[in-house]
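**Student:** Before we start, here is the structure in question, set down as C-alpha cells.
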Amino acid sequence: MMRFVRIFFKEVFNMALLIVGVTALLYLLFNLMPGFFPGKGQGVIEYLRLLKKLFTFQFGTSIISGRDINSIVFPAFRNTLILTIGSIFLSILISVPIGIFSAYRGFKTYSWPLVIFSYIMSSIPVFYFGYLVLYVISRYTGFLPIYYPQGVERGNPVVSYVLPILVLGFGNESISEIVRLIANELERVMHTDYVIASKAMGESVLWSSVNEGIMIPLVSIVFSKIPFIIGGAVIVEHVFNWPGMGRLAFQATLDRDLPVLIVIAFLAVLCVRVGMILKEILLSYINPIEK
Amino acid sequence: MRYKGIIALLTIIFVFTLPIAVCAQSKGGTLIYGEYGAPIRLVPILANDSISVRLIELIYGSLVFYDTNGEVFGDLAERWEVSKDLKTVTFYLRKNVSWHPVPGENHRQEFTAADVIKTFEIMMHPNTVTSLQSRYNFISGVQKLDTYTVVFTLKKPVLNVLGRFSFKILPSFLLTKISYLRGDEDLLLYKHPVGTGPFIFISQEGSSAEVVLRANEQYHLGTPYIEKIIMRPFADQNIITQTLLYGGIDLQVRVPPRDISEIQGDAQFELAPYSTLSYSFFGYNLRNPVLAIREVREAISYAINRQEMLNSFFEGRGQIISGPFAPGSWAYNLDVKPLPFSPSEANRLLDRAGFTERTKDGIRARGSYKLEFDMVVPISKENETTKRVILSFQNYLKAVGIKINIKWLEWKTWTENVFMKHDFDIIYADWLFDDSFDISSLFHSREIGPGRNNFGAYKNPEVDALLDESRATLDIEKKRTIYKKLHEILATEAPYTYLWTLTNYAAYNRTLRRVEIHPTRFFTYIKNWYILEEEPKQ
Amino acid sequence: MKRFYFEKEKPNIEYFHVPLSKRASVRDVVSIGFGLFVVSYLFVFFGISVTGTFIKDPMEVNIGAMFLSPSLEHLFGTDFLGRDIFSRIVKGTEAFFIPGLISISVSTTFGLLFGIISGFYPKYFAKIIFFFLNIIDSIPRIIFILIIIVLFNPSIYLIMTFVGISSIPKIASYIKSKVEVLKNQHSIEAARALGLSQWAIIFKHIIWLSTKPVLIIRATLGMGESILIETSLSYLGIGVQEPTPSWGNMVAMGKDFFFQGKIWLSTIPAGVILFTIMGLYLLGDGLNSIYNEKVSR
C-alpha cells in the first residue's frame, strides 16, 4: 500500500513538472514571434500568473474571441473523446483478431490477405478515405450523414456518429501498428518456456499466452495513444465538420490564441500522465511477474 | 333564387380572399445556413471579418443604412435632419425600442440616446482596436439633446452624409465602466451579444460549433417570420455544398465557382447572385526600383490573359475592370477600356524599358537589374481559384521573360509583411468597399507607412490633389468627373493590375421565400424571408 | 540418437545461424519482391525528377487542357491547370524522398542515442533525457507540427525534422527497455567469466542486438509516415506549396473537384501513395522476418 502511495506522489510530481515544461515551451514559442496579438503576456511574471490560474482550473477568457475558455474547450473535448475513443475501440476490434490470427504458424498463409488489408487501410490518406465514404454514401443512399449538433431533425444522429468513427477507426495508422505488435509479441510469447510447458499440460496456448502476449501490448498501445485521443483527429474533424479539439487547436494556432492553446496543452499533459499512472497500475495487475 | 345576389357576393369575396389566405406567409421554421470558417468575434466595432459581420447584421441595429436602391432607410432613427450648412445632423430616435434580454434578467432595457453616445465614444477612442476611426473621423462630436435625440457635429460639410451613419449601436448599460475596447476584456457582451436587431442570440457552443438565434418578437420594424436561425461553421468548403444539396443546411452564403453548375442543375435550389463592391487585383510595391518603372507594370498588365482566367476559373461569372472601382458603380469610367491580352505589346514595352538582355534562364535583365519578383500570397483557408490565378500569372509572365517566385505565407505573417514590413514585390488580393468609394486611403501619398493601406508606396502629386479635391467637394457631378479622371490616371499609371469583379452567388433551398440579399451586408432584409411549410408544387 | 539403423548420426550442434533459404517463406519473398519493386521505381522517379528528364513538363500550365481524363497522351490526365499529372507524380517523389530520409535519420539517430545512454545509465541520464522526451511525447503530434508550421513557416525539410523529433520518445523508450534487459543478462555473464577488456565487445554486441529490429521497421514506417503527414498538412493547406508538386498536395487539389465527378484527380495520387506505402511496409515486414531472430522457424 505504501508503495502505491509513494508511486502516486512521485507521478503527480512528475506530472506537475511536465506541465510546467510543456506550457513553458508553448509560451516561449509564441513569445519568440514578435508583435502578433495585442495584450500578449510579457515575461516571466505573466507566465507565473498563468501557471497559477491553470493549476486552479480557472481558465479565463480567450483573447481572440473574448469568450469563456471553459465553454469552448470542454464541449470540444467531449466531442473529440467520443470520436477518438470510439475509433480506437474499432481499431482494436479489427486489428487484434488479425494479429492473433497471423501469429499462429499454421494460419499464416490464410491470414496474410487480412494483414494486407490492414496495411492498405493504414496507407490511405485519411481525408481521401473520408471523402470517398461520403461520396459513396451520399450517392447511394441519398443523404449525407454529417454531425448536426443543433437542428437534429435534419439528419440521422446515429449514423452521423457512426461514420466519422468508422473512417477514423479504419484510417488512422493504428491498425497496422497494432496488428504488427500483437503478431510479434504473441508469437514471441507463444514460444516461451512457460507457455510451452502449459501446452504440454493440456492448456490452450492462446489462453496462457493471452496475458502477456495480448493484454500487455494492448494496454501499452492504448495508453500510448492518449495524445492522439486528445488532438489527433484534426483531419476527420475537418471533413465531417465535427466540433472537436483538433479543429479547435488548429484554429487557435491560426488566430494566435495562446490561452486556448495553453489550456489544450495543459489538458493533454494531464490526461497523458494520468493515463501513464493508470497504465502502470493495470500492468502490475495483469503481469505480476517482474519483466 | 332569392339569395343569388348574396351568394354571388359571398363567392366573389371568397374568391378574392382565397389567394390572400394561401399566400399568407407562414410563420416559424428554422433557417440553417453554412459558412466556411468560424466567426471570430460577435462584437461590432471590433469585428471585421465577413462571417462575423453577417451575424452582427442579424443581431445589432444601426441608426440608418443604405438599401439596395441606394436610398437611406431608418433603422433605429425615426427621422433626421441635416442642417443647411451640412455640418450638423440630428437624429430623432425611435421610441419603444427594446434591447434583447440579458441572460438572467427578465425585463428588457430601452434603447435611448445614451447608447448612441456611448457607442460613438468607444468607437472613436484611440485605444480601441478598430479600423473604423478613419471612416468616421469626419465627425467631430456628438451630443445628447434629450432621451431620444442626438446631434452629430461634423468637422466639415460632407456630401451624402446620412448613409454613413451605418455603424452598429452597442448597449451602454453593459459597458458602464468601459471607455475603449481592445478585445481581451472579460465582458458579457463578448460571450453573449445583446443588440436591437431582428434576431436574439441564444447560444454558441464551443468555438467551431453553431450560433443559434431566435426571432425578436419585439423587433421595431416587424417580427421576423423565421423563428430560429442557426449558423453552422464548416471547415471544408466542399462539404458545405454537399450538405446544402442533401438538405443539411438551407442556405449557403457564398458558393465557390466550381460548385455553381452542380447547384444550377438541381431544381430544388435557387442561386441568387449579388455583387459586393469589391474587385481583385495584383498590387505592386513601388519601392522596388524595377517596379517603379511604369512600362514594367504596364507590360505585366498586357502579358496576362484576364478573360481566359475569368472564363476558365470562374466560369465567366464576373467582369474585367480597367480601373480601381467596381463596374456598375457611379465612379467607374466606362470610357477607359481594360487592356487587351497582348504579349507582343508587353515584349515591346519591356524592350523599350531597356530590359533587352536575357539571363541563361530566359529572364530579362538590364545591367544588374533582373525582372525577377517575389510574390507573397496568404494561405488563408484553402482556395483553389487563388492558386490557379497565381500560377497562371506566373506562367503568362514566364512567356515574356519575367520570373515570379511565389512565397506562401500564413495569414498573419502575410499581413505583417505586406502592411508593416513592406517586404514583398507583388501581391494578389481584393478590396471591399462601401458606397462612398473613397480610394484615398489606397493611393494618397500620406497613406504610405506601416499599417496603412497604400502598401505599394504609390506617390503622384496629381492624384493626391484630385483625391483631396474629391473629398472636399459637395457637388456630386463634380465628384463624378474627378473620379473619372482618377480612373483614367490610375489605369495608365497601373499601380495595380486590375483584374475583375466577381459575381457572388448564394444558394438556397426553394422552401425559403422572399429572399432579398443586401450586397454588402447580406441579411439586412431577413425579417421578410419566410419558409414554406409544405413542398412547393413542381 | 538414432531412430533407425540406417540414419546417420547428426552432430549435435546448435544452429544459431539458419541459412536464408530455410528462413524465408513464400510470403516473405513476395513481400520483399514487391517492396523492392516499389523502392526501385521510387529511385527511378527521383532520378528522373532530379535530372529533369521528363517527357512532359510537370510545371507546364495549359489552361485550355484542364481536367482531361487519363488518355494515351496524358497517362494520368491533367489537373486544374492543365498540367500533366503523371509527370507531377514523378516529380512529387522529390518532395518526400529527402525529407522522409531526414525524418527517419533524425528519429533513429537520436532515438538510439538517447535510448542507449538511458539504458546504460538508468539512474542519472535517463531521468533528465526522459523529462524532455516526455514533454515532446505529451503534445499530440499533429498539433505540435501545426504550431511549428504556423509560427515559423518552415520548409518541408525542417517540418520533417520536427516530425522525426516527435518520434524520438517512442524509439528511445523502446531501446532503453531492450538495453536494460540485455545489459543485465550480459553483465552477469561478463562479471563471471572475463575481465574488463570484454566490456567493449559486449557494449557493441548489446547495441547491435537491440537496434537491429528497430532500424528496419523504423526506416520503412518512417517513410510512410512522412508521406501521410505531408498529405494531411496539404489538406489543411500548409504542406508543400504550389507549384512544387507533392503527392499530398495533388490529392488535396483533387478534393475540390471530387464531388463533381472528377474523382481521378484525387484517386490517382492517393492510389500511388497507397501502393508505395504498402510496398514499404511489406519490405520492412519481409526483411524483419528474415533477419530478426524468430524462435518459431
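Chains as they are written, first to last, in our numbering: chain A, 704 to 994; chain B, 38 to 575; chain C, 586 to 882.
Think of the CB as a built atom: it goes at the ideal place given N, C-alpha and C, for glycine as much as any other residue.
Between Met-863(C) and chain A, is any beta-carbon pair separated by less than 7 Å?
**Tutor:** It does; some Cβ of chain A falls within 7 Å.
**Student:** Work out the CA separation of Leu-718(C) and Leu-207(B) for me, nearest whole Å.
**Tutor:** Rounded to whole angstroms, Leu-207(B) to Leu-718(C) spans 50 Å at the Cα level.
**Student:** Pull up the distance between the alpha-carbon of Asn-565(B) and that of Leu-323(B), whole angstroms please.
**Tutor:** About 49 Å.
**Student:** For the candidate residues Phe-695(C), Gly-749(C), Ile-801(C), whose alpha-carbon lies nearest to that of Tyr-876(C)?
**Tutor:** Nearest of Phe-695(C), Gly-749(C), Ile-801(C) to Tyr-876(C), Cα basis: Ile-801(C).
**Student:** Just the C-alpha distance for His-162(B) and Leu-731(C), rounded to the nearest angstrom, thanks.
**Tutor:** Going from the Cα of His-162(B) to the Cα of Leu-731(C) covers about 37 Å.
**Student:** When you compare only the Cα positions, how much space is there between Phe-710(C) and Phe-820(A)?
**Tutor:** Computed Cα separation, rounded: 42 Å.
**Student:** Among the candidates Leu-627(C), Val-646(C), Pro-643(C), Asp-664(C), whose CA atom is the shortest distance from the CA of Leu-653(C)?
**Tutor:** The residue with the shortest Cα to Cα distance from Leu-653(C) is Asp-664(C).
**Student:** Cα-Cα, which of Trp-468(B), Ile-266(B), Val-198(B), Ser-482(B) is closest to Ile-69(B)?
**Tutor:** Closest by alpha carbon: Ile-266(B).
**Student:** Which residue from Phe-271(B), Val-333(B), Phe-318(B) puts its Cα closest to that of Phe-362(B)?
**Tutor:** Closest by alpha carbon: Phe-318(B).
**Student:** Please state whether DSSP places Gly-905(A) in a helix, a strand or coil.
**Tutor:** Gly-905(A) falls in the coil class under three-state DSSP.
**Student:** Under three-state DSSP, which class holds Ala-363(B)?
**Tutor:** Here Ala-363(B) sits in coil by DSSP.
**Student:** Buried or exposed: which applies to Ala-900(A), given that a residue is buried once 16 or more other Cβ atoms fall within 10 Å of its Cβ?
**Tutor:** Exposed, because fewer than 16 other Cβ atoms sit within 10 Å of the Cβ of Ala-900(A).
**Student:** For Asn-773(A), which of helix, strand or coil comes out of DSSP?
**Tutor:** Correct three-state label for Asn-773(A): helix.
**Student:** Measure from the alpha carbon of Asp-104(B) to the alpha carbon of each residue in Pro-76(B), Gly-200(B), Glu-264(B), Asn-491(B), then state which is nearest.
**Tutor:** The shortest C-alpha separation from Asp-104(B) is found at Gly-200(B).
**Student:** Taking the C-alpha atoms as reference points, what is the distance between Met-705(A) and Tyr-730(A)?
**Tutor:** Whole-angstrom Cα-Cα distance: 37 Å.
**Student:** Looking at the secondary structure, which residues open and close the beta strand (DSSP E) in which Met-268(B) lies?
**Tutor:** It spans 265 to 271 - the beta strand (DSSP E) in which Met-268(B) sits, taken as one unbroken run.
**Student:** Please check if any C-beta of chain B sits within less than 7 Å of the C-beta of Gly-822(C).
**Tutor:** So yes, Gly-822(C) belongs to the interface.
**Student:** Name the DSSP bridge partner or partners of Pro-415(B)?
**Tutor:** Looking at the DSSP assignment, Pro-415(B) forms a beta bridge with Leu-446(B).
**Student:** Is Ile-875(C) close to chain A? Criterion is C-beta to C-beta, closer than 7 Å.
**Tutor:** It does not: the Cβ of Ile-875(C) has no partner Cβ on chain A nearer than 7 Å.
**Student:** What is the residue span of the beta strand (DSSP E) that Tyr-535(B) lies within?
**Tutor:** Segment 533 to 539, the beta strand (DSSP E) holding Tyr-535(B).
**Student:** Taking Cβ positions, are Gly-285(B) and Leu-786(A) nearer each other than 7 Å?
**Tutor:** Cβ distance not < 7 Å, so Gly-285(B) and Leu-786(A) don't count as in contact.
**Student:** In whole angstroms, give me the CA-to-CA distance for Phe-705(C) and Val-922(A).
**Tutor:** If I take the Cα positions, the gap works out to 26 Å.
**Student:** With a cut-off of 7 Å, does the C-beta of Gly-738(A) fall near any C-beta of chain C?
**Tutor:** Residue placement at Gly-738(A) is poorly supported in this model, since its pLDDT is 43, which falls under 50; the coordinates are not used for a value here.
**Student:** Arg-803(C) and Thr-693(C) - do their beta-carbons sit closer together than 7 Å?
**Tutor:** Yes. Within cutoff.
**Student:** Have a look at Ala-806(A), Ile-932(A), Ile-868(A) and flag the residue whose alpha-carbon is nearest the alpha-carbon of Gly-833(A).
**Tutor:** The residue with the shortest Cα to Cα distance from Gly-833(A) is Ile-868(A).
**Student:** Between Ala-719(A), Asn-717(A), Val-715(A), Tyr-750(A), which lies nearest to Leu-732(A) when the distance is taken from Cα to Cα?
**Tutor:** Minimum Cα distance to Leu-732(A) is reached at Tyr-750(A).
**Student:** Output needed for Pro-230(B): all residues of its chain with C-beta closer than 6 Å, excluding positions within five of it in sequence on either side, in chain order.
**Tutor:** Correct list, in chain order: Leu-79, Ile-96, Phe-238.
**Student:** Considering only their Cβ atoms, is the gap separating Leu-408(B) from Ile-357(B) smaller than 7 Å?
**Tutor:** Cβ atoms of Ile-357(B) and Leu-408(B): not closer than 7 Å.
**Student:** I want to verify the contact list: residues of chain B whose CB lies under 8 Å from the CB of Lys-895(C), in sequence order.
**Tutor:** No answer is possible for residue 895(C): it lies beyond the span of chain C, which begins at 586 and ends at 882.
**Student:** Mind pulling the alpha helix (DSSP H) runs of 4 or more residues that sit fully within the segment 211 to 245 of chain B?
**Tutor:** Taking only runs of at least 4 residues, the alpha helix (DSSP H) segments lying wholly in the segment 211 to 245 of chain B are 225 to 228.
**Student:** Determine whether the beta carbon atoms of Gly-864(C) and Gly-637(C) lie at a separation below 7 Å.
**Tutor:** No, the Cβ-Cβ distance between Gly-864(C) and Gly-637(C) is not below 7 Å.
**Student:** Could you check the C-alpha separation between Met-948(A) and Asp-958(A) for me, to the nearest Å?
**Tutor:** Cα to Cα, the separation comes out at about 15 Å.
**Student:** What did DSSP end up calling Asn-546(B) once you bin it into helix, strand or coil?
**Tutor:** Strand, per DSSP.
**Student:** Quick one: what's got a C-beta closer than 7 Å to Thr-313(B)'s C-beta in the same chain, skipping five residues either side?
**Tutor:** Leu-469, Asn-541, Pro-556, Thr-557, listed in sequence order.
**Student:** Could you give the residue range of the alpha helix (DSSP H) that holds Ile-917(A)?
**Tutor:** Note, Ile-917(A): premise wrong, no alpha helix (DSSP H); not H, not E.
**Student:** Among Ala-304(B), Thr-165(B), Lys-205(B), which has the Cα closest to the Cα of Asn-546(B)?
**Tutor:** With distances taken between Cα atoms, Asn-546(B) lies closest to Ala-304(B).
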